[in-house]
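Data block below; observations after.
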Amino acid sequence: MGLMCAHRLNHEQIYSLVRAIPKGCVATYGQIAALAGFPRHARQVGYALAALNDDSVPWHRVINSQGVISERARPGAVEWQRLLLEDEGVVFDHRGRVPLKKYQWQTD
DNA sequence: ACTTTGACGGAAA
DNA sequence: ATTTCCGCCAAAG
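Right under this line is the structure:
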């Protein structure tokens with residue numbers, strides 16, 4: 603039933619947290635890992651999202667710690683992600699970065 | 001039981 | 001500011 607503290611970070615834990623990111627906000631890979639209880643596992647969050655095959659996960663709300671949309675193999679993916687974010691009100695700065703101060707999901 | 005495949009982040013130079 | 005180094009590992013075939 604409830605959530606137990608797992609001894610490893612699986613993809614579903616990551617997806618659950620990403621589903622909780624409010625519309626119009628962003629979270630960083632490292633932030634999701636830390637919220638899951640695995641502070642230095644940002645890369646795994648990227649791996650999980652790369653393997654994603656689930657429409658219910660708002661993967662576009664996850665960006666890197668610089669406020670930049672991370673590069674990936676598939677051409678056009680970065681531009682697509684930006685459009686999805688802009689559609690929900692996220693405004694990028696002139697360098698193509700999301701101001702984290704303004705849009706990062708605050709939890710605590 | 002391997003081997004391959006990937007959307008990171010912090011520190012140091 | 002930019003580059004390099006290194007720790008990080010689940011899932012699918």
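For the first sequence, the working numbering assigns the number 603 to the initial residue and increments by one for each residue that follows. Note that the Cβ used here is the ideal one computed from N, Cα and C, for glycine as well.
Own chain, CB closer than 7 Å to residue i, minus 5 neighbours either side, in chain order
i    : result
L651 : W661, V664
A638 : L611, Q615, I616, L619
A608 : Q615
D695 : P701
P641 : A635
Simplified DSSP state of residue i, which is helix, strand or coil
i    : result
A629 : strand
V620 : helix
I634 : helix
Contacts around residue i, its chain only, beta-carbon distance under 6 Å, and the 5 residues preceding and following it disregarded
i    : result
L702 : G669
A635 : H643, A644, V647
G632 : A644, S667
V680 : I671
Beta-carbon proximity check, residue i vs residue j, cutoff 8 Å
i    : j    : result
I623 : W707 : yes
H613 : A653 : yes
S672 : G648 : yes
E688 : K625 : no
V628 : V700 : yes
Cβ neighbour criterion (16 or more within 10 Å) applied to residue i
i    : result
H643 : buried
L685 : exposed
T630 : buried
Where the alpha helix (DSSP H) containing residue i begins and where it ends
i    : result
A652 : 644-652
L686 : 679-689
L702 : 702-705
Chain-order list of residues whose beta-carbon lies under 8 Å from that of residue i (same chain, five-residue window excluded)
i    : result
R621 : S658, V659, P660
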